[in-house]
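*Asks:* Submitted below is the structure of interest, expressed as structure tokens.
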Amino acid sequence: MQVLAVTPEIYPLIKTGGLADVAGALPLAMAGQGVAMRTLIPGYPVVMKRLRRKRAVHDYASLQGGKAAVHAVKLDGLDLLVLDAPHLFEREGGPYGDAGGADWPDNWRRFAALSQVGADIAGGAVAGYLPDLVHAHDWQAAMTLAYMRYGKAPATPSVITVHNLAFQGQFGADIFAGLGLPAHAMALDGVEYYGGVGYLKAGLAAAWAITTVSPTYAQEIRTPQFGMGLDGLINARADDLYGIVNGIDVDAWNPQTDPHLSRNFSAKTLTGRRANKRAVEQRFSLAADDGPLLCVVSRLTWQKGMDILAAALDDIVGMGVRLAVLGSGDRGLEGAMLAAAARHRGRVGVVVGYDEALSHMMQGGCDAIVIPSRFEPCGLTQLYGLRYGTVPIVARTGGLADTVIDANEAAVAAGVATGLQFAPENPDAFRVAVRRAAELYADAETWASLQKQGMKSDVSWDRSAAKYVALYRSLLARRGA
Ligand code: ADP
Numbered sequence: 027m028q029v030l031a032v033t034p035e036i037y038p039l040i041k042t043g044g045l046a047d048v049a050g051a052l053p054l055a056m057a058g059q060g061v062a063m064r065t066l067i068p069g070y071p072v073v074m075k076r077l078r079r080k081r082a083v084h085d086y087a088s089l090q091g092g093k094a095a096v097h098a099v100k101l102d103g104l105d106l107l108v109l110d111a112p113h114l115f116e117r118e119g120g121p122y123g124d125a126g127g128a129d130w131p132d133n134w135r136r137f138a139a140l141s142q143v144g145a146d147i148a149g150g151a152v153a154g155y156l157p158d159l160v161h162a163h164d165w166q167a168a169m170t171l172a173y174m175r176y177g178k179a180p181a182t183p184s185v186i187t188v189h190n191l192a193f194q195g196q197f198g199a200d201i202f203a204g205l206g207l208p209a210h211a212m213a214l215d216g217v218e219y220y221g222g223v224g225y226l227k228a229g230l231a232a233a234w235a236i237t238t239v240s241p242t243y244a245q246e247i248r249t250p251q252f253g254m255g256l257d258g259l260i261n262a263r264a265d266d267l268y269g270i271v272n273g274i275d276v277d278a279w280n281p282q283t284d285p286h287l288s289r290n291f292s293a294k295t296l297t298g299r300r301a302n303k304r305a306v307e308q309r310f311s312l313a314a315d316d317g318p319l320l321c322v323v324s325r326l327t328w329q330k331g332m333d334i335l336a337a338a339l340d341d342i343v344g345m346g347v348r349l350a351v352l353g354s355g356d357r358g359l360e361g362a363m364l365a366a367a368a369r370h371r372g373r374v375g376v377v378v379g380y381d382e383a384l385s386h387m388m389q390g391g392c393d394a395i396v397i398p399s400r401f402e403p404c405g406l407t408q409l410y411g412l413r414y415g416t417v418p419i420v421a422r423t424g425g426l427a428d429t430v431i432d433a434n435e436a437a438v439a440a441g442v443a444t445g446l447q448f449a450p451e452n453p454d455a456f457r458v459a460v461r462r463a464a465e466l467y468a469d470a471e472t473w474a475s476l477q478k479q480g481m482k483s484d485v486s487w488d489r490s491a492a493k494y495v496a497l498y499r500s501l502l503a504r505r506g507a
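Those letters in the sequence shown? Residues 27 to 507, per my numbering, in order.
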């Protein structure tokens with residue numbers, strides 16, 4: 027089966043979020059399952075630098091205001107089609123904005139171009155290559171499905187994956203004339219969205235199937251609370267809506283071989299974690315003791331519930347737990363964390379910044395990881411926590427609800443619990459969860475059983491990839507029907 031993926035990011039070439047991990051992992055995980063996935067990405071400078079010999083497989087005399095070409099290349103085990111369009115993508119800064127963080131004003135044009143090329147390839151623009159199915163990721167690639175529907179590939183099955191509904195790609199109605207779509211596309215069941223043009227909305231309307239990155243998030247986005255204005259449309263498409271949780275890179279995240287740990291360990295050698303705990307204590311200037319050490323590795327934002335943590339911090343320190351925080355984000359929340367560290371010297375430690383190596387050390391040495399998110403499409407840090415015996419304490423939402431089994435009495439008795447969940451997402455419920463965790467921790471045998479059970483969880487890509495493949499097959503069968 028030939029699948030064309032269209033994405034604005036792909037690990038390891040260009041990454042700002044979990045979308046890149048998914049786009050980079052799926053082709054490799056699917057290769058063993060009878061799917062050949064090629065991925066169309068924009069030719070950002072970091073990508074173009076990697077092309078040694080350019081081999082254009084398609085040319086445009088004019089694409090959204092300039093010359094463009096599509097190059098085929100194999101990089102890092104990925105089969106890529108790179109859209110070389112210097113007037114759109116040859117810029118310093120990030121994939122969506124300048125170095126100061128301001129969005130590029132022509133993002134509508136940049137990602138319309140990417141999408142138009144995706145649809146052209148779906149329609150046979152690259153000689154010798156005709157994908158059976160197209161899989162688009164997020165708003166930046168969503169218009170691919172609209173261009174297919176209103177253009178050359180209306181009968182090709184398609185999937186759109188929503189990694190975070192908060193990002194929708196909404197633009198004014200004035201851009202419609204520049205999209206090159208037929209006039210009737212500017213309609214309620216087309217690309218029109220609240221009087222303007224909605225890229226994600228257009229993709230959701232055109233896709234044969236819609237997926238999100240966890241089953242619970244798939245249900246949550248059908249409600250006004252999580253639907254961000256799209257719940258009506260998503261409900262109308264409920265029969266074609268699927269939730270498939272992300273996996274993680276189990277080689278990069280393997281406590282038995284992780285080079286960032288002071289001591290490697292397995293479920294059989296959990297005492298090896300102690301050396302890592304000492305290393306975390308030192309790094310965060312925490313008092314060394316054998317009480318529970320919690321950690322946070324997160325963007326410090328409202329979505330991640332970091333204000334909930336800040337509000338409960340004094341109380342949980344009063345319970346005898348210590349906390350190590352690694353993160354950056356809102357200045358106000360960074361300040362609140364630093365202030366807490368100053369109030370609770372030796373009990374709370376904070377590193378503001380992004381530090382991949384330190385995040386591994388924390389997963390290898392802390393007893394629990396705290397994730398009080400208000401919404402969480404999937405979440406990765408709880409999956410790392412499961413793999414490393416770092417018991418996740420999570421809000422019962424989205425992918426957190428789907429991947430952590432709460433240590434209620436029945437689950438503990440049955441030996442299936444892997445962490446703690448709390449709801450609703452507020453400081454009171456969070457305090458209760460931390461108290462429960464501290465009590466469980468005091469019973470070394472029960473705590474070790476939580477850790478070991480978590481370490482048994484299958485957090486690899488294999489299962490998720492098989493679910494995507496099954497979905498692809500069902501759509502191809504529908505086309506054939
Ligand atoms: P989101 O993509 O919404 O930020 P996820 O849990 O899906 O949340 O993914 C976050 C990823 O970024 C994880 O791999 C996590 O370890 C990593 N991360 C977040 N903040 C930091 C940080 N300050 N330092 C190192 N890694 C971080």
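By construction, the Cβ of each residue, glycine as well, lies at the ideal position given by its N, Cα and C atoms. In this text the structure is predicted, and so the values were computed from the model without any measurement.
(1) How many angstroms separate the CA atom of Arg373 from the CA atom of Ile431?
(2) Examine ligand 1 and report whether any of its heavy atoms sits within less than 8 Å of the Cβ of Gln166.
(3) Hey, which unbroken runs of the beta strand (DSSP E) at 3 residues or more fall wholly within the segment 363-402?
(4) Starting from Phe193, trace the alpha helix (DSSP H) both ways and give me its first and last residue.
(5) Mind checking which residues open and close the alpha helix (DSSP H) that includes Arg309?
(6) For the putative contact between Gly1 and Val322, defined by C-beta atoms under 8 Å, what is the C-beta separation to the nearest angstrom?
(7) Hey, quick one: how far does the beta strand (DSSP E) through Thr65 stretch, first residue to last?
(8) Could you check where the beta strand (DSSP E) with Asp105 kicks off and where it finishes?
(9) Compute the distance between the beta-carbons of Thr187 and Val160, then report whether it is under 9 Å.
(10) Starting from the C-beta of Ala138, find all residues in its chain whose C-beta is less than 7 Å away, skip the five residues before and the five after it, and write them out in chain order.
(11) Report all residues from its chain with a CB closer than 8 Å to the CB of Ile260; omit the five preceding and five following residues, and keep chain order.
(12) Is Gly44 near ligand 3, in the sense that its beta carbon is under 8 Å from a heavy atom of that ligand?
(13) Select from Gln389, Asp393, Gly424 and Phe401 the residue whose C-alpha is nearest the C-alpha of Thr511.
(14) So, is Thr444 buried or exposed, given that buried needs 16 or more other C-beta atoms within 10 angstroms?
(15) For Ala336, is the classification buried or exposed, using 16 other Cβ atoms within 10 angstroms of its Cβ as the cut-off for buried?
(16) Going by beta carbon distance, what residues of the same chain come within less than 7 Å of Ser385, once the five residues before and after it are set aside?
(17) Which term fits Gln477, buried or exposed, when burial requires 16 or more other beta carbons within 10 angstroms of its beta carbon?
(18) With a threshold of 16 other CB atoms inside 10 Å of the CB of Ala436, please say whether the residue is buried or exposed.
(19) Which class does Ile419 belong to by DSSP, given the choice of helix, strand or coil?
(20) With DSSP collapsed to three states, give me the class of Leu409.
(21) Using the beta-carbon count (16 or more within 10 Å), is Ser399 buried or exposed?
(22) State the beta-bridge partners of Gly123 as determined by DSSP.
(23) Hey, which unbroken runs of the alpha helix (DSSP H) at 4 residues or more fall wholly within the segment 309-361?
(24) Determine which residues share a DSSP beta bridge with Lys100 and list them.
(25) Run the proximity test for Val323: is its beta-carbon closer than 8 Å to any non-hydrogen atom belonging to ligand 1?
(26) Measuring CA to CA, which of Leu109, Asp105 and Trp130 is closest to Arg117?
(27) Pick from Pro450, Ala503, Gly44 and Ile40: whose alpha carbon is nearest that of Thr238?
(28) With a threshold of 16 other CB atoms inside 10 Å of the CB of Leu214, please say whether the residue is buried or exposed.
(29) Where are the beta strand (DSSP E) runs, 3 residues long or more, that stay fully inside the segment 210-280, in chain order?
(30) Below 6 Å CB to CB, which residues in the same chain sit around Asp393 once its five sequence neighbours on both sides are set aside?
(31) With 16 as the cutoff for other CB atoms within 10 Å, does Tyr86 come out buried or exposed?
(32) Report yes if the C-beta of Gln28 is less than 8 Å from at least one heavy atom of ligand 1; otherwise report no.
(33) Report yes if the C-beta distance between Ala162 and Gly144 is below 9 Å; otherwise report no.
(34) Excluding five sequence neighbours on each side, which residues of the same chain lie with their C-beta closer than 7 Å to the C-beta of Ser219?
(35) Output the distance between the C-alpha atoms of Ala244 and Val32, rounded to the nearest integer angstrom.
(36) Taking the beta strand (DSSP E) that Tyr498 falls in, what are its first and last residues?
*Replies:* This is what the structure gives:
(1) 28 Å
(2) no
(3) 374-378 and 394-397
(4) Neither: Phe193 is in no alpha helix (DSSP H) and is coded neither H nor E.
(5) Arg299 to Arg309
(6) This structure leaves residue 1 out entirely; the chain is present only between 27 and 507.
(7) For Thr65, the uninterrupted beta strand (DSSP E) run begins and ends at Ala62 to Pro68, by DSSP.
(8) Run containing Asp105: Leu104 to Asp110, per the beta strand (DSSP E) assignment.
(9) Inclusion of Thr187 and Val160 in the CB contact set at 9 Å is not warranted, their separation being larger than that value.
(10) Gln90, Met169 and Leu205
(11) Leu230, Ile236, Ile247, Arg248, Gly253 and Leu267
(12) The model depicted lacks ligand 3 and carries ligand 1 instead.
(13) For the chain, the structure presents residues 27 to 507; residue 511 sits outside this window and is missing.
(14) buried
(15) buried
(16) Val323 and Leu352
(17) Gln477 should be labelled buried.
(18) exposed
(19) strand
(20) Residue state, collapsed to three classes: helix.
(21) buried
(22) Asp129
(23) If we require 4 residues or more, the alpha helix (DSSP H) runs fully inside the segment 309-361 come out as 332-344.
(24) Asp105
(25) yes
(26) Nearest of Leu109, Asp105 and Trp130 to Arg117, Cα basis: Trp130.
(27) Gly44
(28) For Leu214, the number of other beta carbons within 10 angstroms of its own is below 16, and it is reported as exposed.
(29) 222-224, 235-238 and 267-269
(30) Pro318 and Leu319
(31) Its Cβ being crowded by 16 or more others within 10 Å, Tyr86 is buried.
(32) no
(33) Contact: yes.
(34) The sequence shown places Tyr at residue 219, not Ser. Closer than 7 Å at the Cβ level, and outside the excluded window around Tyr219, lie Gln196 and Lys227.
(35) Near 21 Å, if we compare the C-alpha coordinates of Val32 and Ala244.
(36) Here Tyr498 belongs to no beta strand (DSSP E); instead the alpha helix (DSSP H) covers Trp487 to Gly506.
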